[in-house]
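Asks:
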């Protein structure tokens, strides 16, 4: 698991998304985030990030948290690693 730097919104949100299992890292391409598609986990990630930042005194605005969670979920691959899918397709 990555180190948590709560002064960095991107890091905090990625940690929250990973630990609530809203996203997963591809085991073969760890730089690829995969959106699991669990809306409850995504909501839980928002609340976890909010709690983390409040607990250490770093109070990010709600809009900033929402913007970052949407950005990371949008950037994540939907359900499958595209690099793995490309490798499978090239072998068929």
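Residue numbers (our numbering): 222 to 313. Quick reminder that beta carbons are idealized off the backbone N, C-alpha and C, glycines included. Being a predicted model, the structure only gives us computed values, none of them experimental.
Answer yes or no: do residue 239 and residue 263 have a C-beta to C-beta separation smaller than 8 Å?
Replies: Within the chain shown, numbered from 1, the residue matching residue 239 stands at position 18. Within the chain shown, numbered from 1, the residue matching residue 263 stands at position 42. No, the pair does not count as a contact, with Cβ atoms beyond the cut-off.
Asks: If we ignore side chains and look at the alpha-carbon of each, how far apart do residue 257 and residue 305 end up?
Replies: Here residue 257 refers to the residue found at position 36 of the chain shown. Here residue 305 refers to the residue found at position 84 of the chain shown. Going from the Cα of residue 257 to the Cα of residue 305 covers about 16 Å.
Asks: For residue 310, which three-state DSSP category applies?
Replies: Here residue 310 refers to the residue found at position 89 when the chain shown is read from its first residue. Looking at residue 310 - three-state DSSP - the assignment turns out to be helix.
Asks: Could you pull out every residue in the same chain whose Cβ sits closer than 7 Å to the Cβ of residue 274, ignoring the five residues on either side in sequence?
Replies: One-based indexing of the chain shown puts residue 274 at position 53. So the qualifying residues of the chain are 227, 233, 280 and 281.
Asks: Just to confirm, is the Cβ distance from residue 244 to residue 267 under 8 Å?
Replies: As a first step, residue 244 is located in the chain shown; it is residue number 23 there, counting from the start. As a first step, residue 267 is located in the chain shown; it is residue number 46 there, counting from the start. Against a cut-off of 8 Å, the Cβ pair of residue 267 and residue 244 comes out as no contact.
Asks: Considering only the beta carbon of each residue, do residue 237 and residue 269 sit closer than 8 Å?
Replies: For this step, residue 237 is matched to residue 16 along the chain shown. For this step, residue 269 is matched to residue 48 along the chain shown. Cβ atoms of residue 237 and residue 269: closer than 8 Å.
Asks: Could you check if residue 297 is buried or exposed, using at least 16 other CB atoms within 10 Å of its CB as the buried criterion?
Replies: Against the chain shown, residue 297 aligns to sequence position 76. Buried is the call here.
Asks: With a threshold of 16 other CB atoms inside 10 Å of the CB of residue 312, please say whether the residue is buried or exposed.
Replies: Numbered from its first residue, the chain shown carries residue 312 at position 91. With fewer than 16 other Cβ atoms inside 10 Å of its own Cβ, residue 312 counts as exposed.
Asks: Between residue 300 and the rest of its own chain, which residues show a CB-CB distance below 8 Å, the 5 nearest in sequence each way excluded?
Replies: As a working mapping, residue 300 is identified with position 79 in the chain shown. Around residue 300: 255, 256, 257 and 258.
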